[in-house]
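Remarks on the structure that follows.
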Amino acid sequence: MADRPKWFQTTAIDYPNSRPHIGTAFEKVGADVQARYRRMEGYDVFFLMGNDENTVKVSKRAAELGLDTQAYCDDMARQFREVWDALDISYDVFVQTSTERHKECARAFIQKVNDAGYIYKGSYEGWYCDGCESFKTEKELENGNCPIHKRPVTKRSEPCHFFKLSAFTDRLLKFYEENPDFIQPESRRNEIISLIKTDGLYDVNITRRGEAWGIRVPFDPEFTIWVWFDALLTYITGIGYGDDRAMFDRFWPCDTHFIGKDITRFHCALWPAMLWAAGEKPPTKVFGHGFVNFAGDKISKSRLEELKKKGLDYLLEPMEIIRKFSAEAFRYYFLRECPYPSDGEISPDRFIDVFNSELANNLGNLLSRTITIPTKNYGGSLPDTAGKTPEPVVPGLDLAAFVETVRGHVEACRYNLALQTIVQDFLTPTNQYLEANAPWKLVKTDKDAAARVLFNAVQSLRVASILLKPFIPRSAEAIYTSFNFPKPWAEVRYTDAAVLSAQPDDLRVTAELVDGKPKPLFPRIG
RNA sequence: GGCGGGGUAGCUCAGGGGUUAGAGCAGUCGCUUCAUAAGCGACGUGUCGCCGGUUCAAUUCCGGCCCCCGCUACCA
Numbered sequence: 305m306a307d308r309p310k311w312f313q314t315t316a317i318d319y320p321n322s323r324p325h326i327g328t329a330f331e332k333v334g335a336d337v338q339a340r341y342r343r344m345e346g347y348d349v350f351f352l353m354g355n356d357e358n359t360v361k362v363s364k365r366a367a368e369l370g371l372d373t374q375a376y377c378d379d380m381a382r383q384f385r386e387v388w389d390a391l392d393i394s395y396d397v398f399v400q401t402s403t404e405r406h407k408e409c410a411r412a413f414i415q416k417v418n419d420a421g422y423i424y425k426g427s428y429e430g431w432y433c434d435g436c437e438s439f440k441t442e443k444e445l446e447n448g449n450c451p452i453h454k455r456p457v458t459k460r461s462e463p464c465h466f467f468k469l470s471a472f473t474d475r476l477l478k479f480y481e482e483n484p485d486f487i488q489p490e491s492r493r494n495e496i497i498s499l500i501k502t503d504g505l506y507d508v509n510i511t512r513r514g515e516a517w518g519i520r521v522p523f524d525p526e527f528t529i530w531v532w533f534d535a536l537l538t539y540i541t542g543i544g545y546g547d548d549r550a551m552f553d554r555f556w557p558c559d560t561h562f563i564g565k566d567i568t569r570f571h572c573a574l575w576p577a578m579l580w581a582a583g584e585k586p587p588t589k590v591f592g593h594g595f596v597n598f599a600g601d602k603i604s605k606s607r608l609e610e611l612k613k614k615g616l617d618y619l620l621e622p623m624e625i626i627r628k629f630s631a632e633a634f635r636y637y638f639l640r641e642c643p644y645p646s647d648g649e650i651s652p653d654r655f656i657d658v659f660n661s662e663l664a665n666n667l668g669n670l671l672s673r674t675i676t677i678p679t680k681n682y683g684g685s686l687p688d689t690a691g692k693t694p695e696p697v698v699p700g701l702d703l704a705a706f707v708e709t710v711r712g713h714v715e716a717c718r719y720n721l722a723l724q725t726i727v728q729d730f731l732t733p734t735n736q737y738l739e740a741n742a743p744w745k746l747v748k749t750d751k752d753a754a755a756r757v758l759f760n761a762v763q764s765l766r767v768a769s770i771l772l773k774p775f776i777p778r779s780a781e782a783i784y785t786s787f788n789f790p791k792p793w794a795e796v797r798y799t800d801a802a803v804l805s806a807q808p809d810d811l812r813v814t815a816e817l818v819d820g821k822p823k824p825l826f827p828r829i830g
């Protein structure tokens, strides 16, 4: 373990105001592909997720439901994890920021930043609404009125603690320049850079006064720590910051923070500055993924009502999609149809199209036909194939280069292109190969030749299942274990997909059969 | 308003100064029947946002305009 390279990644820490929706699920699924891919490739992976609970809104929501805030948080955390588990998200730790351990680590961190001189006491001046008992930003105001209470806000100032973010302006710009891959995709990087260059960075108020729920500021207990300052710390408290330096040093800096494109600024400017202030390294990469819309529209309250009327609101609730179809179908749809770096959309028709054409018709049916023909004609075992090296079935395809193309897409989180490449450049040609050689006919005239055709075609399923492992782990395993490929599934790597090699035994169908036929891996839907 | 990205087949998008502008899906027709009514083949369509300019030649370059999207700091 010690000599394996490490891979530490996180997803955004979710705000448990409501149940997880398809947008948050999209983020987790994309991150999960990366975690699974890195594990396959031999990395010592640590995948962190969690919920961001130390905010007034959470305690208000709990109060509305008549629940103790902690009990509410714990229940929401349970609900979130239930969805992530159902989607086979392979996280290693799930951090709740309301736990005492996180709070202690956060207090240690802010104390350190304060000791280093990056925090100073000042006063925050803003527009205050008595009804909301909170400050409003200029943007929120409607003609100078509180948008909720429709009455004028008043100028008010109160003491607070500022973090000297401005002190890191030049260092951040230099950092972005020296680490061009720090912010992905590039469009996000350009936004942040131009923002800082035009407006500069201001010091930020990192405390709130007079709130019962939250983490006390150790050097001034009248205050609690502003949620963002605390939430970001999850990324380090979850890997031992504050009480397990060895583990922290093993995994930090973070290799990729997966986040929504809306919070890139916090992760790309505030977060590195906070870490520098505490004497730690900044993360290696921040990936701001896109959003999921519903059939072209943003998911607003009115849109939701409309969908409910049409009975389509299930498509917004991950658990419903999983129940109706499967976690694998969910994963495949979003990974294939929504480009991870930019926005995508879900629509009922499209979901059915993608599932049927690629999973059922192309991949699933290819598996069925390559299992059935050997079973019917050879008792499931292809004679004289032991020790033989399969021949390529895709004309003109350099298998090693093809695998590297897919790998490049996976590493850059271009999951849709990775899947497109696998299906179009590999699976479809395999179906064409079968059509061209028609082993179901050939078997009547030349049984040996037909066996070789099948032997070759089956290799495509071995290759595809390996490449698909991070995307649809359960289905990929089902495909791989439908034949007696020698390498254990747990040990396959992408490089195994890049070569066609002989195996010691005759190729044999090992899939479970009912009346000589496999049950469809992806039964058509709709 | 400022900065950035984009407007290409019914849909999602790729492409890019030059012979007939591409892919997948959907559609139509044919072949096939090993297979999940799956597979394979063939076929169609596009004023490549609008208006000008540069050029032998522009959808591709330049300018203007229209439309869409993102960012524009303390809300997670």
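If you use my numbering, the first sequence corresponds to residues 305 to 830, in order. Just so it is clear, CB atoms sit at the ideal spot from N, CA and C, and this is done for glycine as well.
| said: My output table needs one value for Phe826: the three-state DSSP class, helix, strand or coil. | reply: As a working mapping, residue 826 is identified with position 522 in the first sequence. Note: Phe826 maps to coil in three-state DSSP.
| query | Among Val417, Asp534 and Cys572, which has the Cα closest to the Cα of Arg493? | reply | If you number the first sequence from 1, residue 493 lands on position 189. Per the Cα distances, Cys572.
| said: Within the continuous alpha helix (DSSP H) that includes Val757, where are the two ends? | reply: Residue 757 sits at position 453 when you count from the first residue of the first sequence. Residues Lys751 to Leu772.
| field | Buried versus exposed, by CB contacts within 10 Å (16 or more), Asn760 | value | The count along the first sequence starts at 1 and reaches residue 760 at position 456. Classification for Asn760: buried.
| said: Which same chain residues end up closer than 6 Å to Met353 when comparing Cβ atoms and leaving out the 5 residues on each side of it in sequence? | reply: As a position in the first sequence, residue 353 is number 49, starting the count at 1. Around Met353: Thr315, Tyr395 and Phe398.
| said: Shorter than 6 Å, the distance from the beta carbon of Val360 to the closest heavy atom of the ligand ADP, or not? | reply: Because no ligand of any kind appears in the structure shown, any question about the ligand ADP cannot be addressed here.
| task | Using the DSSP secondary-structure output, state which residues sit across from Ser461 in a beta bridge. | result | As a first step, residue 461 must be located in the first sequence, where it is residue number 157. For Ser461, which the question treats as bridged, DSSP gives the partners Glu429.
| request: For Gln415, I'd like the list of residues in its chain whose CB is within less than 7 Å of its CB, leaving aside the five on either flank, ordered along the chain. | output: Sequence index remark: in the first sequence, residue 415 carries index 111 (1-based). Taken in chain order, the residues that qualify are Pro522 and Phe523.
| field | Trp530 versus Tyr422 - alpha carbon distance | value | Taking the first residue of the first sequence as 1, we reach residue 530 at position 226. Taking the first residue of the first sequence as 1, we reach residue 422 at position 118. Distance between the alpha carbons of Trp530 and Tyr422 is about 16 Å.
| Cα separation between Asp307 and Glu404? | Here the question's residue 307 lines up with position 3 in the first sequence. Here the question's residue 404 lines up with position 100 in the first sequence. Cα to Cα, Asp307 sits roughly 33 Å from Glu404.
| Rounded C-alpha distance that separates Pro792 from Asp392 | Position 488 of the first sequence, counting from 1, holds the residue named residue 792. Position 88 of the first sequence, counting from 1, holds the residue named residue 392. Looking at the two C-alpha atoms, the distance is approximately 21 Å.
| message | Tell me the rounded alpha-carbon separation between Glu357 and Phe527. | response | As a position in the first sequence, residue 357 is number 53, starting the count at 1. As a position in the first sequence, residue 527 is number 223, starting the count at 1. Their Cα atoms are separated by approximately 17 Å.
| request: Can you tell me which of the three DSSP states Gly564 falls into? | output: As a first step, residue 564 must be located in the first sequence, where it is residue number 260. If DSSP states are grouped into helix, strand and coil, Gly564 belongs with the strands.
| query | Start and end of the alpha helix (DSSP H) containing Leu505? | reply | Locating residue 505 in the first sequence gives position 201, where the first residue counts as 1. Counting along the chain, Leu505 falls outside any alpha helix (DSSP H), and DSSP gives it neither H nor E.
| message | Measuring only the C-alpha atoms, how far is Thr511 from Phe351? | response | Along the first sequence, one-based indexing puts residue 511 at 207. Along the first sequence, one-based indexing puts residue 351 at 47. Between Thr511 and Phe351, the C-alpha separation is close to 29 Å.
| request: Pick out whichever of Tyr737, Phe486, Val590 and Lys407 has its Cα sitting closest to the Cα of Gly700. | output: The residue labelled residue 700 in the question sits at position 396 within the first sequence. It is Tyr737 whose Cα lies nearest to the Cα of Gly700.
| field | Counterpart residues of His593 in DSSP-defined beta bridges | value | By one-based count along the first sequence, residue 593 stands at place 289. Paired residue(s): Gly564.
| For Val349, which residues of its own chain have a beta-carbon under 6 Å away from its beta-carbon, when the five flanking residues on both sides are left out? | Sequence index remark: in the first sequence, residue 349 carries index 45 (1-based). So the list reads Trp311, Ala339, Arg342 and Arg343, once near-sequence residues are dropped.
| query | Sorted by chain position, which residues of the same chain lie with C-beta nearer than 7 Å to Ala802's C-beta, five sequence neighbours on each side aside? | reply | Numbered from 1 along the first sequence, position 498 holds the residue referred to as residue 802. Cβ within range, chain order: Leu703, Ala704 and Val707.
| message | Classify Ala742: buried if its beta carbon has 16 or more other beta carbons within 10 angstroms, exposed otherwise. | response | Counting from one through the first sequence, the residue named residue 742 turns up at place 438. Ala742 should be labelled exposed.
| Length of the line joining the Cα atoms of Glu739 and Thr749 | Along the first sequence, one-based indexing puts residue 739 at 435. Along the first sequence, one-based indexing puts residue 749 at 445. Cα to Cα, the separation comes out at about 16 Å.
| field | Boundaries of the beta strand (DSSP E) in which Ile650 is found, first to last residue | value | On the first sequence, position 346 is the one that residue 650 refers to. Looking at the DSSP string, the run of the beta strand (DSSP E) that includes Ile650 is Gly648 to Ile650.
| task | Identify, in the order they occur along the chain, each residue of the same chain with its Cβ nearer than 7 Å to the Cβ of Asp485, setting aside the five sequence neighbours on each side. | result | If you number the first sequence from 1, residue 485 lands on position 181. Correct list, in chain order: Lys589.
| query | Run through DSSP, which three-state label would Arg797 get? | reply | Walking along the first sequence from the start, residue 797 turns up at place 493. Reduced to three states, the DSSP call for Arg797 is coil.
| query | How about Arg812 and Ser685: do their beta carbons lie closer than 7 Å? | reply | Taking the first residue of the first sequence as position 1, residue 812 is located at position 508. Taking the first residue of the first sequence as position 1, residue 685 is located at position 381. Contact flag set, yes.
| said: Looking at the secondary structure, which residues open and close the beta strand (DSSP E) in which Thr315 lies? | reply: For the purposes of this step, residue 315 is taken as the residue at position 11 of the first sequence. From DSSP, the beta strand (DSSP E) with Thr315 extends over Lys310 to Thr315.
| field | Proximity winner among Asp657, Asn788, Arg460 and Asn321, relative to Thr689 (alpha-carbon distances) | value | The sequence position of residue 689 within the first sequence is 385, counting from 1. Ranking Asp657, Asn788, Arg460 and Asn321 by Cα distance to Thr689 puts Asn788 first.
| message | DSSP three-state label for Ser685, please. | response | Counting from one through the first sequence, the residue named residue 685 turns up at place 381. Note: Ser685 maps to strand in three-state DSSP.
| request: Using 10 angstroms around the beta-carbon of Glu632, count the other beta-carbons present and answer buried if the total reaches 16, otherwise exposed. | output: The residue labelled residue 632 in the question sits at position 328 within the first sequence. Its Cβ being crowded by 16 or more others within 10 Å, Glu632 is buried.
| query | Which stretch, first to last residue, makes up the beta strand (DSSP E) that contains Arg512? | reply | On the first sequence, position 208 is the one that residue 512 refers to. It spans Thr511 to Arg513 - the beta strand (DSSP E) in which Arg512 sits, taken as one unbroken run.
| query | Looking only at DSSP bridge pairs, what is Ile726 linked to? | reply | Here residue 726 refers to the residue found at position 422 of the first sequence. According to DSSP, Ile726 bridges with nothing at all.
| task | Kindly indicate which residue of Tyr424, Ser661 and Ala794 has the alpha-carbon position closest to the one of Phe466. | result | Start at 1 with the first residue of the first sequence, and residue 466 comes out as number 162. With distances taken between Cα atoms, Phe466 lies closest to Tyr424.
| said: If you follow the beta strand (DSSP E) that Gly354 is in, where does it begin and where does it stop? | reply: Residue numbering aside, residue 354 sits at position 50 when the first sequence is read from its first letter. Start and end: Asp348 to Asn355.
| request: Measure the beta-carbon distance from Phe384 to Pro489 and round it to whole angstroms, keeping in mind my assumption that it falls under 8 Å. | output: The sequence position of residue 384 within the first sequence is 80, counting from 1. The sequence position of residue 489 within the first sequence is 185, counting from 1. Going by Cβ atoms, the distance from Phe384 to Pro489 rounds to 27 Å, so no, they are not a contact pair.
| field | Cutoff 6 Å; reference Tyr784; Cβ partners in own chain excluding five residues on either side | value | Taking the first sequence and counting its residues from 1, the one referred to as residue 784 is at position 480. Around Tyr784: Ser769 and Trp793.
| task | Return the chain-ordered list of same chain residues with a C-beta closer than 8 Å to the C-beta of Ile497, the five sequence neighbours on each side being excluded. | result | As a first step, residue 497 must be located in the first sequence, where it is residue number 193. These residues qualify, in order along the chain: Leu477 and Tyr480.
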